[in-house]
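What follows is a short report on a single structure.
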Amino acid sequence: MSFIPLKPIPIKDRVSMVFVSKGRIDVRDGAFVVVDEVKGDRKHIPVGSVVCIMLEPGTRVSHAAVKLAATTGTLLIWTGESGVRLYSAGQPGGARSDKLLYQAKLALDEELRLKVVRKMFEFRFGEPAPSRRSVDQLRGLEGARVRKTYQLMAKQYGVQWKGRSYDPKDWESGDTINQCLSAATACLYGVTEAAVLAAGYAPAIGFIHSGKPKAFVYDIADLFKFETVVPVAFQIAAKGTHSPDRDVRIACRDSFRKTRLLKKIIPTIEEILAAGEITPPPPPEDAQPPAIPEPISIGDTGHRSS
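As numbered in this note's numbering, the sequence shown has no gaps in its residue numbers, which increase by one up to the final residue, 440.
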């Protein structure tokens, strides 16, 4: 019998992420474990208290493990080596149709979308967005400020900076700082996507970013990037390291805990979307209820109950 937690742990109270490579993930005695098939070792992962699990190449996952992760609201993400590419993600709960319609309405209406983008600009830079600017113009202003911030941080930490340049298909081709930044942002994107999905929204419906499967994830992650993972990447690069991916992951985990990131993401999503000044659309009158109604949730939005 699968273990079902009596009370799912809210996203804000969880550990941010765990990376797993070269192992078989399964459920043994109701517990989520990683099995080393060569040595026969088992490592338990408290899946109910983890936001997302990054699965690197060489990892296999059983049906029971995926089911348990979904039940506890833990996102499984399939990544490339060192987490620098995100191939796919499992859903840690279930998309909420009302929230999807709400998000889509805000994104499709140019006036409402601009309000949301202006709120994102204000949240990120601590000042109101310039008036009479389109989304594209605000995106350009944001890009210029981001490039300037990278230059200032490189100078602050004494790191040689040639610009943000990397090849997702060739990890070794990037210099140390770009490797550190890629590993750091991959950690942030994983945690952010888990929060977006758990809150019932669609990762692909973005406002500043668009046309990408994780556009909204990038929108939300950018709001926290320079207070969490970017300083971490520059600190690790300044010290010098032979394993930037590992060192950055550990430092990102500590940064997420220090900045209390998981307590901020979902409330920030709601605050940003509320800038559109509309209410979520009500369900249609002829909407049919679930065939098997679910009990009232006792965890965060997105948890499943059995």
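C-beta: ideal position from N, C-alpha, C; glycine also.
query = Where Val-185 and Arg-148 are concerned, what is the direct C-alpha to C-alpha distance, given to the nearest angstrom?
reply = On the sequence shown, residue 185 is found 51 positions in, with the first residue counted as 1. On the sequence shown, residue 148 is found 14 positions in, with the first residue counted as 1. Each residue's Cα considered, the two are about 6 Å apart.
inquiry  = I'd like to know whether the C-beta of Ile-354 is nearer than 8 Å to at least one C-beta of chain C.
reply    = Looking at the structure shown, chain C is missing, and only one protein chain is on hand.
query = Alpha carbon to alpha carbon, how far is Val-363 from Arg-194?
reply = Working through the sequence shown from its first residue, we reach residue 363 at position 229. Working through the sequence shown from its first residue, we reach residue 194 at position 60. Using only the alpha carbons, I get a separation of about 29 Å.
message = Using the three-state DSSP reduction, which class does Lys-249 fall into: helix, strand or coil?
response = Along the sequence shown, read from residue 1 onward, the residue named residue 249 stands at position 115. Correct three-state label for Lys-249: helix.
inquiry  = With a threshold of 7 Å (Cβ to nearest heavy atom), would Gly-157 be considered close to the ligand FMN?
reply    = Because no ligand of any kind appears in the structure shown, any question about the ligand FMN cannot be addressed here.
message = If you reduce the DSSP assignment to three classes, tell me which class Arg-383 lands in.
response = The count along the sequence shown starts at 1 and reaches residue 383 at position 249. Of the three classes helix, strand and coil, the one that applies to Arg-383 here is helix, per DSSP.
message = Please classify Ile-384 as buried or exposed, where buried requires at least 16 neighbouring CB atoms within 10 angstroms.
response = The residue labelled residue 384 in the question sits at position 250 within the sequence shown. Its Cβ having fewer than 16 others within 10 Å, Ile-384 is exposed.
ask   = What does a CB cutoff of less than 6 Å around Tyr-236 pick up in its chain, not counting 5 residues either side in sequence?
value = Position 102 of the sequence shown, counting from 1, holds the residue named residue 236. Excluding positions up to five away in sequence, the list reads Pro-414.
inquiry  = Please return the same chain residues whose Cβ sits closer than 6 Å to the Cβ of Phe-368, not counting the five positions on each side in sequence.
reply    = Within the sequence shown, residue 368 is the residue found at index 234, counting from 1. These residues qualify, in order along the chain: Met-287, Tyr-291, Val-293.
message = So for Lys-201, helix, strand or coil by DSSP?
response = The count along the sequence shown starts at 1 and reaches residue 201 at position 67. Three-state result, Lys-201: helix.
key: Val-154 versus Ser-265: straight-line alpha-carbon distance, rounded   = Taking the sequence shown and counting its residues from 1, the one referred to as residue 154 is at position 20. Taking the sequence shown and counting its residues from 1, the one referred to as residue 265 is at position 131. Looking at the two C-alpha atoms, the distance is approximately 47 Å.
ask   = In three-state terms, what does DSSP make of Ala-223?
value = The residue you call residue 223 lines up with position 89 of the sequence shown. Three-state result, Ala-223: strand.
Those residues which DSSP pairs with Lys-177 across a bridge = Looking up residue 177 in the sequence shown gives position 43. Paired residue(s): Val-168.
task = Inspect the beta-carbon positions of Tyr-441 and Thr-213 and report whether they are closer than 8 Å.
result = Summary: the structure shown does not reach residue 441, with the chain confined to residues 135 through 440, and so no result is reported for it.
ask   = Alpha carbon to alpha carbon, how far is Thr-206 from Val-330?
value = Locating residue 206 in the sequence shown gives position 72, counting from the first residue. Locating residue 330 in the sequence shown gives position 196, counting from the first residue. Cα-Cα distance, rounded: 16 Å.
inquiry  = Restricting to runs no shorter than 4 residues, where is the alpha helix (DSSP H) found entirely within the segment 297-335?
reply    = 310-332
task = Consult DSSP for Phe-450 and reduce its assignment to one of helix, strand or coil.
result = The requested residue 450 is not part of the displayed model; the chain covers only 135 to 440.
ask   = Is it right to say Asp-170 is buried, meaning 16 or more other beta carbons lie within 10 angstroms of its own, or is it exposed?
value = Numbered from 1 along the sequence shown, position 36 holds the residue referred to as residue 170. Flag for Asp-170 reads exposed.
query = So, using beta-carbon positions, are Leu-189 and Val-161 closer together than 8 Å?
reply = Numbered from its first residue, the sequence shown carries residue 189 at position 55. Numbered from its first residue, the sequence shown carries residue 161 at position 27. Going by C-beta atoms, Leu-189 is not nearer than 8 Å to Val-161.
task = To the nearest angstrom, report how far apart Leu-340 and Ala-204 are at their CA atoms.
result = To locate residue 340, count along the sequence shown from 1; it is residue 206. To locate residue 204, count along the sequence shown from 1; it is residue 70. A small correction: the amino acid at residue 340 is Gly; Leu does not occupy that position in the sequence shown. So the alpha carbons of these two residues sit roughly 24 Å apart.
request  = Compare the beta carbon distance of Glu-405 and Lys-249 with 8 Å and say whether it is the shorter of the two.
outcome  = Mapped onto the sequence shown, residue 405 falls at position 271. Mapped onto the sequence shown, residue 249 falls at position 115. No, Cβ-Cβ distance for Glu-405 and Lys-249 is not below 8 Å.
message = One question on the structure: do Ala-355 and Leu-322 come within less than 8 Å of each other, judged by their Cβ atoms?
response = In the sequence shown, counting from the first residue as 1, residue 355 sits at position 221. In the sequence shown, counting from the first residue as 1, residue 322 sits at position 188. Yes, the pair counts as a contact, with Cβ atoms nearer than the cut-off.
inquiry  = Buried or exposed, going by whether 16 or more other CB atoms sit within 10 Å of the CB of Gln-313?
reply    = Along the sequence shown, read from residue 1 onward, the residue named residue 313 stands at position 179. Counting Cβ neighbours within 10 Å, Gln-313 comes out buried, since at least 16 surround it.
request  = Quick one: measure Cβ to Cβ for Ala-165 and His-178, integer angstroms, because I've assumed they're closer than 8 Å.
outcome  = On the sequence shown, position 31 is the one that residue 165 refers to. On the sequence shown, position 44 is the one that residue 178 refers to. Confirmed, about 5 Å.
query = Alpha carbon to alpha carbon, how far is Ser-344 from Leu-234?
reply = Residue mapping note: residue 344 aligns to position 210 of the sequence shown, counting from 1. Residue mapping note: residue 234 aligns to position 100 of the sequence shown, counting from 1. If I take the Cα positions, the gap works out to 16 Å.
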